[in-house]
Amino acid sequence: MMVVAVLAALGICGYIVFDQMQRSNANSQADNQTSGDGGSIGGEESEDTDGEDTEGSGEDGATDDSEDGKGDEAKDVKAFMSPSSNIVCTIDADRARCTIREFDYDPGDAPKECDVDPYGSVVVVEKNASGLSCVKRGLPTEASVLDYGETVSAHGFTCRSGEDGMTCESSEGHKFRVARATADFDG
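Under UniProt numbering, the residue at position 64 of the sequence shown is numbered 64, and the numbers go up by one with no gaps.
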């Protein structure tokens with residue numbers, strides 16, 4: 001049993017290191033988010049890191065510009081994971097974001113320029129929308145376990161860990177629930 005735990009920990013560490021190396025590429029690209037049925041959740045124009053205005057890629061929606069120059073507020077990130085370690089989440093000033101390592105649901109077809117592999121593994125809720133994300137970011141190097149039934153709140157977002165998955169909601173009422181079997185969106 002101990003050997004399995006050590007191997008799992010080494011696998012997770014390797015995954016984190018790989019993702020951190022990929023972060024510099026991903027940070028300059030906007031997230032593409034879609035609702036669970038492939039519809040648009042946004043589409044407003046936003047400014048990306050090189051100063052050009054961009055619209056969410058094609059038919060699939062909003063941008064998620066994490067490197068927006070908010071200084072210390074942007075650095076105030078809460079990082080946590082499910083007791084199973086299958087779902088790892090962050091809350092920052094702009095969004096709650098979860099990455100699920102293993103899932104059985106069908107997220108549909110990925111948009112053309114989607115950097116997340118596998119598509120459907122990253123879910124996001126912003127103040128006014130929720131959906132799947134298309135930009136892969138590195139997982140946090142330190143994340144506390146959020147036991148079943150516990151919640152964490154920051155920046156107008158609240159996430160709850162449950163045996164039915166991780167649920168994150170904005171103060172505006174938009175939310176997602178992600179679990180091995182499903183990713184559900186409201187808003």
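Just so you know, even glycine gets a beta-carbon here, dropped at the ideal spot from N, CA and C. These numbers were taken from a predicted model, which means no experiment stands behind them.
Check	Outcome
Spatial neighbours of aspartate 186 in its chain, beta-carbon cut-off 6 Å, leaving aside the 5 residues before and after	Lys175
Whole beta strand (DSSP E) elements within the segment 73-108, 3-residue minimum	78-81, 87-91, 95-100
Three-state secondary structure assigned by DSSP to aspartate 186	strand
Stretch-stretch touch, CB-based, cutoff 8 Å, three pairs: the segment 106-126 with the segment 145-154	no
Under 9 Å between C-beta atoms of cysteine 159 and valine 123	no
DSSP state of arginine 177 mapped onto helix, strand, coil	strand
Contact under 9 Å by Cβ, residue 195 with alanine 96	Here the chain covers residues 1 to 187 and nothing more, so residue 195 does not appear.
Beta strand (DSSP E) segment containing threonine 167, residue limits	165-170
First through last residue of the beta strand (DSSP E) which encompasses glycine 131	129-132
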